[in-house]
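Student:
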Amino acid sequence: MINLGSFVATAAAAAIYCASAVQAQNLVFAHLIIGNTASYTQDDALNDIKTAHDAGIDGFALNIAIQDGYTGTSLDNYYAAAEQVPGFKLFISFDYAASTNGYFDPNSVTTYINNYAQKPAQYLVDGKPFASTFEGPNYVGDWTNIKDATNAFFVPDYTSVDPATAANYEQVDGLLTWDAWPNGPTDTPTSDGAFSSALSSAGKTFMMSVSPWFYTNLPGKNWLWRGDNLWHLRWQQVMQYKPQLIEILTWNDWGESHYIAPNPPHDDAYPSGAADYNKPVVHSAWINDLPYYIGQYKNGGAAPAEGSYTPHLTFWYRLSPASACASTNTPCNAPYQSQTDGASCDLDEIYFTVFTGQQATVHISIGGQAQPDQTASSAGLYHGSIPFNGNLGAVTISASLSDGSTLGPVTGPEISNSCVAGWNAWVGGS
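Numbers -24 to -1, 1 to 406, taken from mature numbering (1 follows the signal peptide of the UniProt record, and there is no 0), label the letters of the sequence shown in order.
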C-alpha cells in the first residue's frame, strides 16, 4: 500500500453533488492486508481481533486484491472469528491499485459485498454495508451500479484526487484520506484541512488515517517518509480535526513498516524481502497507547479519565544511526515527489511518550551513559525525544512520576553501527 499522490485520476462518470443524509460516528478501524494472511487459520484471525479489540479498536478494514486466490477463505476466517468478539466490526476495502491497470471487476465487488453484508460482524451505517477502497477513482462510475446492487455506504480512499472534486462525486458517502505521512523533513501531513472542509460542505463522512511509520525496501520500491514523532503528533491532529471515523494504517503491512500488530504467526506473511527489516523490530508496544488515544478521541479531545487506561511509557528508535544505513540508498519521499537523502528526514533520536495523569521526568541512558533528564512542564500526557549524540549501546528508559511511582525501567536493543533493520524502528514499553 502506498500514498498515490502521483496519480492524476479523473472520474469515469460525472461528479454531481449529492450529500449523504447519514454519517458514521466516532469509530476506529485498523487496515488489515488480507494478502498477508494466506496461511492464517480462523484461530489466527481471532488472535488478531482479540488483540485489537482489547486495545479499543472497533474493527478491521479488510484490504483485498482481485488476484489473491485465498481471499474468500481469509475473509470467511475473519468474519467468523469476529462473531466471537461482540461489537467488533469488519468491512471490505477493495485494493484497486494492486490490480492490473488499477481495475477491480465491479461484478466481483458486488459479489463480495453481498456475500458478507448479512454477516453479524459486518459494519453497517444506517443498515447499509460499509465499503471502502484503496484508490480507484477512475472507476468511481462503476459504483453507481454497485451501490444499486448492494445498498453500500461507500467511503473510498481517493486521495489522489483533489478533495473538493472527490467529495462531490455522487457515488461517495464520504472519503478516507491516505495522507498519513509528511512530505519531506516535516513532522506531519497537511492535507486533512482540505478534506475536512470539502466533506463538511458536502455533508459527508470524513475518515482520517493515522500511521506511526513508513519505510520500504523491496525490489523497485525503496523510500521512507518521516516517522520520528509521527505516532504521537498524528493523534493530536485527530483531536484537532475530529473526523467521524479513523483508520489506522496499518495492522499488518509488513512491507511498508507501518504495522502495529505483533509479529505474524507465519513467516509467509512477510512479502519477499521484507522480513529482513521487519522481523527484528517489533511495533506492538504502540498498541498499548491506543486505549489512551482512542479514549481521548471519543472524549472529544479531552484527556481520558485515569483508570480508563494503564499508565505506561512507550519508546522507539532506529537501531542504527543514519550513517550506518547509507548503503541502502533509501531516499526520503516517494518517486513521484521531490526526493532527498533519507538522513534529512528521519533523525537519530529516541522518542518517548508517557501516558499518565501525573507530571513525569524521563531518564534515559545509552550504552550505560546517562543522558539529560527530560521533565514535563505539567501533569498529563508527555511526549519528547533525545538525540543519539553519537552514543552506541543498549537503551534504558524509566519515568519518575509526581506521585512517587515509577514506570520502568525498560531496556531496548543496542544502537549499533551495523544497519540492522534499515530505517525501521524498534518499539518497546513498560
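Glycine is no exception: its CB is placed at the ideal position from the N, C-alpha and C atoms.
(1) Are at least three pairs of beta-carbons, each pair with one atom in the stretch 232 to 245 and one in the stretch 374 to 384, less than 8 Å apart?
(2) Quick check on M183: buried or exposed, where buried means 16 or more other Cβ atoms within 10 Å of its Cβ?
(3) Output the distance between the C-alpha atoms of S406 and W207, rounded to the nearest integer angstrom.
(4) Determine whether the beta carbon atoms of P161 and R202 lie at a separation below 9 Å.
(5) Using DSSP's beta-bridge definition, name the partner residues of Y293.
(6) Closest to S15 by CA distance: which of F36, T27, H259 and D44 is it?
(7) Tell me whether N400 is buried or exposed, calling it buried when 16 or more other Cβ atoms sit within 10 Å of its Cβ.
(8) Do the CB positions of C301 and G398 come within less than 9 Å of each other?
(9) Alpha carbons only, please: which of I326, I122 and G333 is nearest the one belonging to D349?
(10) Three-state secondary structure (DSSP) at S176?
(11) Consult DSSP for D71 and reduce its assignment to one of helix, strand or coil.
(12) Could you tell me if Q216 is buried or exposed, where buried requires 16 or more neighbouring beta carbons within 10 angstroms of its beta carbon?
(13) May I have the straight-line CA-CA distance separating P389 from A370, to the nearest angstrom?
(14) Since K123 is in the beta strand (DSSP E), which residue starts that stretch and which ends it?
(15) Can you tell me the Cα-Cα spacing of A(-4) and A375, whole angstroms?
(16) Can you give, in chain order, each stretch of the beta strand (DSSP E) that sits fully within the stretch 317 to 404 and has at least 3 residues?
(17) Identify whether L194 lies in helix, strand or coil by the three-state DSSP scheme.
(18) Looking at W230: is its Cβ nearer than 9 Å to the Cβ of F36?
(19) Under 6 Å Cβ to Cβ from F129, same chain only, skipping five residues before and after it: list those, please.
(20) Can you tell which of Q345, W199, T329 and L368 has the C-alpha that lies nearest to the C-alpha of G360?
(21) Under three-state DSSP, which class holds F80?
(22) According to DSSP, which residues form a beta bridge with C308?
(23) Determine the direct distance from the alpha carbon of A298 to that of T192, and round the result to whole angstroms.
(24) In terms of alpha-carbon separation, which member of N367, Q334, G356 and F331 lies closest to A346?
(25) Enumerate in chain order the residues of its own chain whose CB-to-CB distance from Y293 is below 6 Å, with the five nearest sequence positions on each side excluded.
(26) Can you tell me whether L194 is buried or exposed? The criterion is at least 16 other CB atoms within 10 Å of its CB, across all chains shown.
(27) Taking the alpha-carbon of L3 as reference, which of I391, D317 and Q220 has the nearest alpha-carbon?
(28) Buried or exposed, going by whether 16 or more other CB atoms sit within 10 Å of the CB of T47?
(29) Output needed for S135: all residues of its chain with C-beta closer than 6 Å, excluding positions within five of it in sequence on either side, in chain order.
(30) Is it true that the CB of T332 sits closer than 9 Å to the CB of L357?
(31) Whole angstroms is fine: what's the gap from L8's alpha carbon to K197's?
(32) So what's Q18 in DSSP terms, helix, strand or just coil?
(33) Cutting at 6 Å between CB atoms, please list the residues of its own chain near D118, excluding the five before and the five after it.
(34) Could you give the uninterrupted runs of the alpha helix (DSSP H) lying entirely in the stretch 6 to 64, keeping only those of 4 residues or more?
(35) Shortest alpha-carbon distance to V137 belongs to which of F110, T76, N127 and G276?
(36) Give the DSSP bridge partners of K104, in chain order.
Tutor: On the basis of the coordinates in this document:
(1) no
(2) buried
(3) 17 Å
(4) yes
(5) W402
(6) D44
(7) So N400 counts as buried.
(8) yes
(9) Checking every option, the nearest Cα to that of D349 belongs to I326.
(10) helix
(11) strand
(12) For Q216, the number of other beta carbons within 10 angstroms of its own is below 16, and it is reported as exposed.
(13) 5 Å
(14) Per DSSP, K123 belongs to no beta strand (DSSP E); it is in the alpha helix (DSSP H), D118 to T126.
(15) Bear in mind that a pLDDT of 44 at A(-4), under 50, signals an unreliable position, so the model cannot answer this.
(16) Listed in chain order, the complete beta strand (DSSP E) runs (minimum 3 residues) inside the stretch 317 to 404 are 325 to 331, 336 to 342, 358 to 363, 369 to 377 and 382 to 391.
(17) strand
(18) no
(19) V101, K104, F106 and D149
(20) T329
(21) coil
(22) L200 and T316
(23) 15 Å
(24) N367
(25) I326
(26) exposed
(27) Q220
(28) buried
(29) The question names Ser, but residue 135 in the sequence shown is Thr. So the qualifying residues of the chain are T153, W154 and D155.
(30) yes
(31) 20 Å
(32) helix
(33) P82
(34) 18 to 30 and 47 to 58
(35) When each option's Cα is compared against that of V137, the closest is F110.
(36) V101
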